[in-house]
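Numbering (the working numbering), first residue to last: 1 to 781.
What follows is the structure in structure tokens.
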């Protein structure tokens, strides 16, 4: 623990001062007396009065004495003073033992304080906060609170004294210990809060106080140390304990957090995400964050423990006007005091591996705080969290096949922690891409969007999508995703290490050309040893199976493991999404009549529209630019498209990699199954019935070989497919509904036929590589 040697002078030789001294033991009393004697020697002309305050709420007699002292002299300085105990003793990893033993705490038990001071007097020092004149404090009180009576002014002064001391101690401890202490009394005393409360029917200060108790967290300095240690202990059971960061990103975020409050919006694929964020902040010596979580996670001892780690539990239903108001004011207070918030931008875990659409609910409260002038800017900090592997993929595979979510509870938690130690899951990667400025999207505080809800919502949507886009661009592609994607294309056929190695090179070349971030495990796929290491990590059905009873080992993904493998494959689709659309649009143009270049662009935009519920896209203009960039590697690609199918086929055979079918087929097959269900379904079919029918029909199609992969038959994919058909206006009664449903199904089947062409070209390329590889091997032998 680094302790600053800064000296804080509470008053000058011309000041009279009222020292508000917080002491809780005889040892602290002696330290305070020594400090006061020193101050009086150094400032003999100053009058120094002392009022001793307990650490807790002052009794009526002490409060009355403070009232009298404050009314005695408006020009006197008030100086908060407290004994600061320098943490020491047992190492951080033994914090639980340290707590029980009374050693290494931020306020040691009274019984051992003298012993600590005899052994090491530097363990304690008297610190003084910045002084303020009584008249200045009274003006602040009148400006910001309801200013009811002299006792409330005294309480206001005590709160300001506590905050002044906290600021000093924060400089000594470091920014990772920054946390609000007085949320409830500060908010309840606020004139802004009381004015709004009066507008809510049947609202009372008492009811609002109960809700603040429910929302408020119990950060302590001990928990700042303990909770990340516990979190690291949990994920280290199965993961490398050293999280992988981009150090330049960490330092850029550190600079940003020094000047503005931030909302850390993280990607969400695992329950571990909520553990990893506080660990990442603490071990990089960054300010802690208050993380919003569902009230379903507040069970047993986990509720109090998580509250002490900065978790704010939210009710599932926000339909109570008073609760919504209190929550809005709570968020506003956090932002105004420049503390940081955090939650998943997706709202829930992604059970498919790809990012979900952003949720805007909590972001609206932060936007209101900004527009109300609580801060001159608020940063939306994207946070990418990714994993080499996850044990939760088995759970997600069960969901895909119609399984139900396991309720959270103590037994669930024990099983979850136990599962972390079942095997090695690899590394965890955390990235902090460039933050998004709320000011850039909402304009100046108190601006026109305060009254224009439609404009504010549109701006929030753009902000949220920009955050998600930056998360996607920063998330590194790993070896697990690349190997899973390749083996899924083999449809259960096993491949050797050499076959995998040669086939992976086209994708690696593409990612390097696009400057897509990759993990070290992905970069090691350039070698056969790296491929073998990735296969070994995924073997034993996680989700790869090794068959090693023959002349050489081969690896495959069994049909029963396809859903798990699809989760990993889906994490990289965005890196290849635009090039996949280029392939499908080219095949479509080759079979089109008339203006083939126009057909190419129309189909590219149509595919973008159909996939918009599953993936993130740039706006239409940028999307076209990106596709032109994809094709700019080929000389006169537009001329080839105009020339017709022969030239387009040459263009497609020259492209590396050919990957559209491998990545997008499951989604279009899921859409096609749902569209086929609609042929004989009622116009207004509910989601549960539609999913049940689609699962049944999908299983039939798998058995008949009409669907390539088990992963296409997924309740998770059918949920998005329902959004697609609803967007096509196929769930609303109409005279031509049957014809339009049939036409949409036929359109999807056409896209799947285009994928067959892409797959055929990809297979041709594979066999060409195989022939060259075998020829080279024969020459070596």
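Ideal Cβ positions, reconstructed from N, Cα and C, are used throughout, including at glycine. This structure is a prediction, so every number in the text was calculated from the model and none was measured.
- Taking 8 angstroms as the cut-off, the beta carbon of residue 741 is found closer than this to the beta carbon of residue 675.
- In the displayed model, residue 407 falls within coil according to three-state DSSP, outside both helix and strand.
- When secondary structure is reduced to three states using DSSP, residue 429 falls in the strand class.
- In the displayed model, residue 728 falls within coil according to three-state DSSP, outside both helix and strand.
- Rounded to the nearest angstrom, the gap between the Cα atoms of residue 247 and residue 316 is 37 angstroms.
- Note on geometry: alpha-carbon atoms of residue 128 and residue 39 lie some 11 angstroms from one another.
- Secondary structure at residue 289: strand, using DSSP grouped into helix, strand and coil.
- Ranked by Cα distance from residue 46, the options 37, 360 and 53 are led by 37.
- Following the DSSP letters along the chain, one finds residue 633 in no alpha helix (DSSP H), marked with neither H nor E.
- The DSSP assignment places 262-266 as complete runs of the beta strand (DSSP E) inside the stretch 206-292, in order along the chain (cut-off: 3 residues).
- Here the stretch 138-154 makes contact with the stretch 176-194; the two share three or more CB pairs at distances below 8 angstroms.
- Residue 109 and residue 420 have their alpha carbons spaced roughly 36 angstroms apart.
- By DSSP's assignment, residue 21 forms a beta bridge with 52 and 81.
- Sequence-distant partners of residue 75 (beyond 5 residues in either direction) whose C-beta falls short of 8 angstroms from its own C-beta, in its chain, are 16, 133, 134 and 135.
- The continuous stretches of beta strand (DSSP E) do not include residue 480, which lies in the alpha helix (DSSP H) extending over residues 479-489.
- With respect to the C-alpha of residue 130, the residue from 691, 114 and 169 having the closest C-alpha is 169.
- Beta-bridge partners of residue 340 (DSSP): 289.
- When DSSP states are grouped into helix, strand and coil, residue 133 belongs to the strand group.
- With respect to residue 575, residue 477 sits close: the two C-beta atoms are nearer than 8 angstroms.
- Excluding five sequence positions before and after residue 221, the CB atoms of its chain that fall closer than 6 angstroms to its own CB belong to 106 and 177, given in chain order.
- Under the three-state reduction of DSSP output, residue 350 falls in the coil class, being neither helix nor strand.
- Counting along the chain, residue 445 sits inside no beta strand (DSSP E), nor does DSSP assign it H or E at all.
- Under DSSP, residue 381 takes part in a beta bridge, and its partners are 264.
- Residue 152 places its beta carbon 8 angstroms or farther from that of residue 267.
- Separation of residue 511 and residue 273 (C-alpha to C-alpha, rounded to the nearest whole angstrom) is 26 angstroms.
- In this structure, DSSP gives residue 463 a helical state, which the three-state scheme calls helix.
- Counting of Cβ neighbours within 10 angstroms places residue 412 among the exposed residues, the total staying below 16.
- When rounded, the separation of the alpha-carbon atoms in residue 672 and residue 749 is 7 angstroms.
- At the C-beta level, residue 547 and residue 497 stay beyond 8 angstroms of one another.
- Shown here, residue 436 sits in a strand according to DSSP, grouped into three states.
- Rounded to the nearest angstrom, the gap between the Cα atoms of residue 443 and residue 715 is 41 angstroms.
- The C-alpha of residue 640 lies about 14 angstroms from the C-alpha of residue 628.
- For secondary structure counted as the alpha helix (DSSP H) over 4 or more consecutive residues, the stretch 149-206 holds these complete runs in sequence order: 150-173, 183-189 and 191-197.
- Just so you know, the alpha carbons of residue 654 and residue 503 end up roughly 15 angstroms apart.
- Within 10 angstroms of the beta-carbon of residue 351 lie 16 or more other beta-carbons, which makes it buried.
- Of the candidates 550, 370, 559 and 387, the residue whose Cα lies closest to the Cα of residue 239 is 387.
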